[in-house]
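**Student:** Structure incoming, see below.
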Amino acid sequence: NAEYMGAFEYSVNMVSTPKEVPRIKYPVRPLVKWCFGVGHVLNDLTAACWFSYLVLYFSKVRHMSNSHTGLVMLIGQVVDALATPVLGIASDRTVTRFGKRRPWHLFGCVCVATSFPFILSECTVCEHPKGMSTAQCEVLYYVLLVALFQVGWAATQIAHMAQVPELSPCLSERTTLNSIRFASSVACNIAVYVIAWGLFGAHSGDSVTEKDADRFRNLGWIVTGLGVFTSLVYHIGMMGVSSSAVVGEMTDTLLVDSEPESLGSKKSGADHSRWQDWLVNPSFYIVGALYMCARISGNLSQTYLPLFLLDSLHMSKSSITQVPLVQYCCSFVASFTMRSINKRVGRGPTVVAGVVFTLAACFGLRIIDHHLANVVFGLAGLLGIGIAVTLVTSLSMGSDLVGERTGTSAFVFGVFSFFDKLSCGAAILAVQQFTPHSDSQKSSYFRDILVFVPGAAVIAALVLCVLRTWLGLSKGKPVRKILLPETDGESDAN
């Protein structure tokens, strides 16, 4: 293990005992970091279209009823939610020469690439169906495509998320990986809005209609092509990386100075944890609920911001690309500050900062009207910063929770994602079911949705963060004994 030891950085860390122990940092190579960062691009591009434009596309282009739109979205989220923990367990149990994660990542990419372009396209087999109405056939067609898409999306997501704790045991490195992952996600959202601006900007009008069907179809094919290319880059770049063996190969006992969740299993050394062990860990439920709240805040605001711009502020359809673009540019910048902020003030205060930014944006969205429509650009920037801070920190808490128990990391993130998808799907269905039919009522309705749903979600995240601290689940423990490989016949362990 000499090649690994050459990368270690030592610093003296005084703990509760008079002895001094070294704090170990295990840096991930820059090339691996950036190849890892593009591994979720296909998912991020398609998810940006899914949450930003699918409800808009079904409602205003395909003229699906609100209940049918909500049903398709809910079924997609439920399939994703059910598939996620199953795929997580399957990934944890997979043993191949390519590792645990990459085969499932590839499987997911294939499913996504073969289904998503057709979701944003017209149903060519629904014109003269037999035994059912055109509307029923259309719903069935999109449900089948959405189910395939969500299974693939879940497989790719879990395989990618589970790699973070496997690539490095160091908290700061994991925060960096999560920041790169989130920055890549934000960059994908920016790319989607830039592409959509190019497709819709030249044909600016008052609203989106069925005449925009070709533009939505082109958007679907463009983002799928870009995602397939970056997925190839990811698989080529990760060929020489055996992430599942990184922690185990370094040393028999390798621990880092961190929170108790990140200390991993009770015993040092090989990971003998079982997924059932997580069910009696209170941190598992608190961090999972916090992550779910962060996702609800981001996904619901992303879904209903375009409808708020069109129906509440009466802006032109080019605004559905420009305003989200500003929001995600601010998120992109904020994501690069997460490592230093988390390191200086800790996870809890960082979550509080994200909540404050989000609530400030929600308050502003509540009071503006169409006469002050341009103010929405600044408020979207605040919202983007708040969502970025809250989501990146919640992901880092998840990686801290896993710690050295990387053998069950996919199960942990799978369960987190299960409740994330289920709650988002149920929320979208409820919103669609209660959507009024009159344009005057829609104006105030979409405003209330954009303000109160994300606002309530981040307040719940704040309560969970306080509860986590109150229960003592965020307090650090003294660094335990660190055993290093022997050199020249002598042990470096203290």
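Going by the numbering used here, the sequence shown runs without a break in its numbering and finishes at 604.
For glycine and all other residues, C-beta sits at the position ideal for the given N, C-alpha and C.
(1) Closer than 8 Å is the cut-off here; do at least three beta carbon pairs connect the segment 458 to 468 with the segment 491 to 511?
(2) I'd like the span of the alpha helix (DSSP H) that includes Arg207, first residue to last.
(3) Around the Cβ of Arg139, are there at least 16 other Cβ atoms within 10 angstroms (buried) or fewer (exposed)?
(4) If we count the other Cβ atoms within 10 Å of its Cβ and call it buried at 16 or more, is Lys453 buried or exposed?
(5) By the 10 Å Cβ neighbour count, where 16 or more other Cβ atoms means buried, how is Trp580 classified, buried or exposed?
(6) For Ser243, which three-state DSSP category applies?
(7) Whole angstroms are fine: how far does the CA of Thr518 sit from the CA of Tyr555?
(8) Can you list, in chain order, the residues of its chain whose CB lies under 6 Å from that of Gln542, leaving out five sequence neighbours each side?
(9) What whole-angstrom Cβ distance do Gly407 and Pro564 have, given they're in contact under 8 Å?
(10) DSSP state of His547, grouped into three classes?
(11) How is Phe446 classed by DSSP in three states: helix, strand or coil?
(12) Just the Cα atoms here: how many angstroms apart are Ala223 and Thr334?
(13) Report the three-state DSSP secondary structure of Ser231 (helix, strand or coil).
(14) Identify the continuous alpha helix (DSSP H) that holds Cys476 and give its terminal residues.
(15) Could you name the residues of the same chain whose beta carbon sits closer than 6 Å to that of Val188, not counting the 5 residues immediately before and after it, in chain order?
(16) Between which two residues does the alpha helix (DSSP H) containing Pro275 stretch?
(17) Is the separation between the beta-carbon of Arg325 and that of Leu309 shorter than 8 Å?
(18) Beta carbon of Ala399, beta carbon of Leu574: below 8 Å?
(19) Is any heavy atom of the ligand ADP found at a distance shorter than 7 Å from the C-beta of Leu166?
(20) Is Ile185 helix, strand or coil by DSSP?
(21) On a Cα-Cα basis, can you pick out the residue from Tyr438, Ala570, Arg578 that is closest to Pro392?
(22) Under 6 Å Cβ to Cβ from Glu248, same chain only, skipping five residues before and after it: list those, please.
(23) Where do the N-terminal and C-terminal ends of the alpha helix (DSSP H) with Val142 fall, by residue?
(24) What is the rounded straight-line gap between the Cα of Phe544 and the Cα of Arg557?
(25) Could you give the C-beta distance for Leu493 and Gln432, rounded to a whole number, given that I count them as a contact under 8 Å?
(26) How do the segment 280 to 287 and the segment 201 to 215 stand: do at least 3 beta-carbon pairs fall below 8 Å, yes or no?
(27) Counting C-beta neighbours from all protein chains within 10 Å, is the total for Gly582 16 or more, i.e. buried, or is it exposed?
(28) So, do the segment 257 to 272 and the segment 194 to 201 have three or more beta carbon pairs nearer to each other than 8 Å?
(29) Closest to Ala158 by CA distance: which of Ile451, Phe226, Phe562, Ile559 is it?
(30) Taking Ala521 as the reference, which of Ile430, Gln386, Arg449 has the closest Cα?
(31) Considering only residues of the same chain and omitting the five flanking positions on each side of Asp190, which have a CB-CB separation below 7 Å?
(32) Identify whether Gly657 lies in helix, strand or coil by the three-state DSSP scheme.
(33) So, are the CB atoms of Val343 and Val148 less than 8 Å apart?
(34) Please list, in chain order, all residues of the same chain as Phe403 whose beta carbon is under 6 Å from its beta carbon, the five residues on each side excluded.
(35) Taking the C-alpha atoms as reference points, what is the distance between Ala193 and His481?
**Tutor:** Taking the coordinates as given:
(1) With a cut-off of 8 Å on Cβ pairs, the segment 458 to 468 is in contact with the segment 491 to 511, counting three or more such pairs.
(2) Under the DSSP assignment, Arg207 falls outside any alpha helix (DSSP H); it carries neither an H nor an E label.
(3) Arg139 is classed as exposed because its beta carbon has fewer than 16 other beta carbons within 10 Å across all chains shown.
(4) With fewer than 16 other Cβ atoms within 10 Å, it is exposed.
(5) So Trp580 counts as exposed.
(6) Reduced to three states, the DSSP call for Ser243 is coil.
(7) So the alpha carbons of these two residues sit roughly 42 Å apart.
(8) Asn176, Thr179, Gly180, listed in sequence order.
(9) Correcting the residue identity first, residue 407 is Ser in this sequence and not Gly. The Cβ separation is near 4 Å, so the contact holds.
(10) Note: His547 maps to coil in three-state DSSP.
(11) Here Phe446 sits in coil by DSSP.
(12) Looking at the two C-alpha atoms, the distance is approximately 6 Å.
(13) Coil at Ser231, not helix or strand.
(14) According to the sequence displayed, residue 476 carries Arg and not Cys. Start and end: 457 to 477.
(15) The residues Gly535, in chain order, have a CB closer than 6 Å to that of Val188 in the same chain once the five nearest residues on each side in sequence are set aside.
(16) Per DSSP, Pro275 belongs to the alpha helix (DSSP H) from 274 to 277.
(17) Taking 8 Å as the Cβ cut-off, Arg325 and Leu309 qualify as a contacting pair.
(18) Going by C-beta atoms, Ala399 is nearer than 8 Å to Leu574.
(19) This structure lacks the ligand ADP, and indeed carries no ligand of any kind.
(20) Here Ile185 sits in helix by DSSP.
(21) Taking the Cα of Pro392 as reference, the smallest distance to any Cα among Tyr438, Ala570, Arg578 is reached at Arg578.
(22) Same-chain partners within the cutoff: Cys233, Cys236.
(23) 140 to 147 is the extent of the alpha helix (DSSP H) around Val142.
(24) If you take the alpha carbons of Phe544 and Arg557, they lie about 14 Å apart.
(25) Their Cβ separation, rounded to whole angstroms, is 15 Å, which puts Leu493 and Gln432 out of contact at 8 Å.
(26) Contact fails: fewer than three Cβ-Cβ distances are below 8 Å.
(27) Exposed.
(28) Three or more pairs of CB atoms, one per stretch, sit closer than 8 Å, so the segment 257 to 272 contacts the segment 194 to 201.
(29) The shortest C-alpha separation from Ala158 is found at Phe226.
(30) Ala is not the amino acid found at residue 521; the sequence shown has Phe there. For Phe521, the nearest C-alpha among the options comes from Gln386.
(31) Excluding residues up to 5 positions away in sequence, Gln260, Trp263, Ala264, Lys531 lie with their Cβ nearer than 7 Å to the Cβ of Asp190 in the same chain.
(32) Residue 657 is absent from the model: the chain starts at 111 and stops at 604.
(33) Their beta carbons are under 8 Å apart, which means Val343 touches Val148 by this criterion.
(34) At residue 403 the sequence reads Cys, which differs from the Phe that was named. The residues are Ala567, Ala570, Ala571.
(35) Cα to Cα, the separation comes out at about 46 Å.
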